[in-house]
Amino acid sequence: MGDVAMLVPAVYSLAVQNPDLHITLLTRKHLTPFFGWMPKNVEVLGVDLKEYKGIGGLNRLYGQLKNYRFDAVADVHDVLRSKYLRWRFQLAGKKCVRINKGRKEKKSLIAHAATHAPLMPMVYRYAEVFGKLGLNVELCFSRLFDPQKEDLTAVESIVGKKKDNEKWIGIAPFAAHDNKIYPLDKMKKVAETIASKGVKVFLFGAGKKEQEILEGWETENIRSMCSILGGLHNEMLLMSQLDVMLAMDSANMHIASLVGIPVVSVWGPTHPKAGFLPWNQPADNIIQITDLQCRPCSVYGNKPCQFGDLRCMNRIQPTTIINKIKAVINQ
30 MGDVAMLVPA VYSLAVQNPD LHITLLTRKH LTPFFGWMPK NVEVLGVDLK EYKGIGGLNR
90 LYGQLKNYRF DAVADVHDVL RSKYLRWRFQ LAGKKCVRIN KGRKEKKSLI AHAATHAPLM
150 PMVYRYAEVF GKLGLNVELC FSRLFDPQKE DLTAVESIVG KKKDNEKWIG IAPFAAHDNK
210 IYPLDKMKKV AETIASKGVK VFLFGAGKKE QEILEGWETE NIRSMCSILG GLHNEMLLMS
270 QLDVMLAMDS ANMHIASLVG IPVVSVWGPT HPKAGFLPWN QPADNIIQIT DLQCRPCSVY
330 GNKPCQFGDL RCMNRIQPTT IINKIKAVIN Q
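Counting with the working numbering, you get residues 30 to 360 for the letters of the sequence shown.
Structure below.
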């Protein structure tokens, strides 16, 4: 999900700077809301991959896609499914280009972040793919929509209308890999401390397990948004009303950045230098322990801590996060 969210600024910039270009974007069906505010020359195809299993399924998908008679194909994912589809289009004589994910550069970053130069951000890597097709793309994206012009009726029926001078913050405490999650007992303390100041806290998560945990944190000023907003579209609308989002190195970090709100991000086994920073966010809003030579221990945070104590996360004090949140919302 985070990879798709990072694609938005590049596709938006491509569309507005090439108005005569018709862009067809293929993605998973549940992620299509990311592209709901695109310029009119962007067409989004959402597919359920369960309906296209194996080679036979991909052949059926290719059969449907070839009817669009594309002039060129840009593979911005470069995984087995997209590689196969790219290969089929190449056999049909279509010009195909693919992303350079910088895998060797990312590998060299492991445990050498202190001295290693920052890698190219993924958003720029996406734009680079379109450049290979001879298209000029200067990233010009600011935010998906103007929150003052959106219909918030559905969201407000659930969470209420934001009052003048009221502060709302979001907390997304989970990530795809457990090691990227700040200790939940400490994050709960962060939420409770902020809420005690009269700030409304909205908790974001997905799945039954996360829902059960976050519902256990609920108080008068803390509310879980798991499974009650009706999907990604409304989640983004709610996020646009927040004064700040606190998130891990995760999809919610990127989603919040797309709606143009400040994002405070917490980094442990992964590192901002790998190129996965949220769009257009200041470096001052990054929280991390910078003097650990073991960081990052992996690019995606999917490897166990070599010391067994996850010191990159546990050494971050709740007060550090709380003070950063207060600074952002001017409290």
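Built from N, CA and C at the ideal position, the CB exists for glycine as well.
Residue i vs residue j beta-carbon contact at 9 Å
i: Ala101; j: Leu287; result: no
i: Pro62; j: Asn208; result: no
i: Ile198; j: Ile354; result: yes
i: Cys326; j: Ile139; result: yes
i: Phe159; j: Leu258; result: no
i: Leu168; j: Pro38; result: yes
i: Val357; j: Val273; result: yes
i: Ser253; j: Gln240; result: yes
i: Gln317; j: Pro301; result: yes
i: Leu148; j: Gly163; result: no
i: Tyr97; j: Arg89; result: no
i: Lys135; j: Ala285; result: no
i: Leu54; j: Val45; result: no
i: Pro347; j: Thr222; result: yes
i: Val152; j: Ile128; result: no
Where residue i sits in the DSSP three-state scheme
i: Gly75; result: strand
i: Gly199; result: strand
i: Leu321; result: coil
i: Ile251; result: strand
i: Val228; result: coil
i: Thr349; result: helix
i: Ile52; result: strand
i: Ile210; result: coil
i: Ile389; result: In the structure as shown, the chain begins at 30 and stops at 360. Residue 389 is therefore absent and cannot be evaluated.
i: Arg57; result: strand
Burial state of residue i (16 or more Cβ within 10 Å)
i: Ser171; result: exposed
i: Thr144; result: exposed
i: Gly260; result: exposed
i: Phe336; result: exposed
i: Arg115; result: buried
i: Pro150; result: buried
i: Leu87; result: buried
i: Val108; result: exposed
i: Ile200; result: buried
i: Leu78; result: exposed
Run of the beta strand (DSSP E) containing residue i, from where it starts to where it stops
i: Ala276; result: 273–277
i: Asp104; result: 101–104
Endpoints, alpha helix (DSSP H) assigned at residue i
i: Leu261; result: 261–268
i: Leu243; result: 237–244
i: Val45; result: 31–46
i: Arg340; result: 340–343
i: Arg89; result: 83–94
*Taking only runs of the beta strand (DSSP E) that begin and end inside the region 118–195, which ones reach a length of at least 3 residues, in chain order?*
124–127
_In chain order, what are the residue ranges of uninterrupted beta strand (DSSP E) at least 3 long that sit wholly in the region 275–299?_
292–295
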